[in-house]
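Going by my numbering, the first residue of the sequence shown is number 758, and it counts up by one from there. Using N, Cα and C, we set each Cβ at its ideal position, and we do this for glycine too. Note that the coordinates shown come from a computational prediction; the quantities given were computed from them, not determined experimentally. The block underneath contains the structure these notes are about, expressed in structure tokens.
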Amino acid sequence: MFALRRRGLALYIEADIWHDRHDLAHAFGTRWCGDAMPPTGGDVEGANESPGAVTMAGILEAPSSRVITAIQVHGDDILMVDGTDADTARRLTGDGLVTDRPEVAVGIRTADCVPLLMFDPRRRVIGAIHAGWKGAVLDIAGKAVGVFADRFLSNPGDINAVVGPSVGRCCYDVGPEVIRAMSGRPWSDGLFDSGRPDGRSMFDLGRAVTCQLVDSGLDPKNIVTIPLCTSCRDDLFYSHRAEGGRAGRQISAIMLRE
């Protein structure tokens, strides 16, 4: 399903579904190749020349020696990336990046939210999507499928997706506002464990994203979930919950090769 790999001091995860492809590079980052939270409380979002972004570019062997990321706002804006222009990249604000340009690495930053990487091998399109609970409520995964179909004429049945490491149902207790926002959808049954003796409601964010992909036409056989909880495994991943909101960010990225 997946493998933990090392490049120098950097540890990252590759999905088996894409490991043998020569036309694609991808990696789900860990805290050992990410960006630590600055001690001043600043943010690393959208910092395309940060140490983590440069390390990830090396893992992918990106020609530009950088990974294009955006300032993430827990919304549903999905942006087209047409090149590696640094000034343009610094102005990107959104929670998804999609491109059909080869040798252009696009990525997102997470510390419990879902990093979703997508690839259409027929149309040669890739995407990197950031999905927290707010993004899931807005159906950002389904909207990403729509962008592939509308902009690049992808057939959803051709799209492969990997749902990367995120906070698991075991650790993700949420309030009634999340339950209300997610209820009433045809696939929402089973997303919450609300019958606990301690009264907490536990949310399966990764499953919600997977359900949105299937609801948007992806073949379940083309969806892989990496079953690692970032909060349980805070030795391996940055985790907002496990680290009391002072976590850095790991970068997950994908790139088409020529």
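Whether residue i touches residue j by CB criterion (9 Å)
| i | j | result |
| --- | --- | --- |
| Leu993 | Arg788 | yes |
| Gly925 | Asp950 | no |
| Asn912 | Phe876 | no |
| Val830 | Val863 | no |
| Gly1002 | Gly809 | no |
| Ala868 | Tyr995 | yes |
| Gly840 | Val855 | no |
Rounded Cβ spacing between residue i and residue j (contact assumed at less than 8 Å)
| i | j | result |
| --- | --- | --- |
| Ala885 | Ala772 | Their Cβ separation, rounded to whole angstroms, is 13 Å, which puts Ala885 and Ala772 out of contact at 8 Å. |
| Met939 | Ala901 | Rounded, the Cβ-Cβ distance is 18 Å, inconsistent with contact. |
| His932 | Val871 | His is not the amino acid found at residue 932; the sequence shown has Gly there. The Cβ separation is near 19 Å, so there is no contact. |
| Thr967 | Ser923 | About 11 Å separates the two Cβ atoms, so there is no contact after all. |
Contacts around residue i, its chain only, beta-carbon distance under 7 Å, and the 5 residues preceding and following it disregarded
| i | result |
| --- | --- |
| Phe759 | Ile770, Glu771, Ala772, Asp773, Ile983 |
| Arg881 | Asp857, Leu1013 |
Other residues of its chain near residue i: CB distance less than 6 Å, five sequence neighbours each side excluded
| i | result |
| --- | --- |
| Cys790 | Ala767, Tyr769, Thr812 |
| His997 | Ala868, Asp869, Ala1004 |
CA nearest to the CA of residue i, picked from the options
| i | options | result |
| --- | --- | --- |
| Ala888 | Lys978, Gly1001, Glu1000, Leu970 | Leu970 |
| Leu948 | Asp955, Asp857, Val935 | Val935 |
| Val920 | Arg998, Gly786, Ala810, Leu874 | Leu874 |
| Ala782 | Glu818, Trp944, Leu849 | Glu818 |
| Ile1008 | Gly840, Leu985, Ala784 | Ala784 |
| Pro943 | Gly952, Asp792, Asp972 | Asp972 |
Close-in-space but distant-in-sequence residues of the same chain around residue i (CB under 8 Å, 5 per side omitted)
| i | result |
| --- | --- |
| Asp852 | Ala827, Gln829, Val830, His831, Gly832, Asp833, Asp834, Ile835, Ile865, Ile886, His887, Ala888, Gly892, Ile897 |
| Gly914 | Gly974, Leu975, Asp976, Asn979 |
| His776 | Ala760 |
| Leu895 | Gly832, Asp833 |
Let me know the beta strand (DSSP E) ranges lying completely inside the segment 910 to 958, each 3 residues or longer, listed in chain order. 917 to 920
I'd like the ranges of any alpha helix (DSSP H) spanning at least 4 consecutive residues and lying wholly in the segment 836 to 879. 843 to 847
Quick check on the DSSP output: what are the complete alpha helix (DSSP H) runs of length 4 or more inside the segment 761 to 793, in order along the chain? 773 to 776
Which ranges does the alpha helix (DSSP H) cover as unbroken runs of at least 4 residues, wholly within the segment 961 to 988, from first to last along the chain? 962 to 972
Hey, which unbroken runs of the beta strand (DSSP E) at 3 residues or more fall wholly within the segment 803 to 839? 835 to 837
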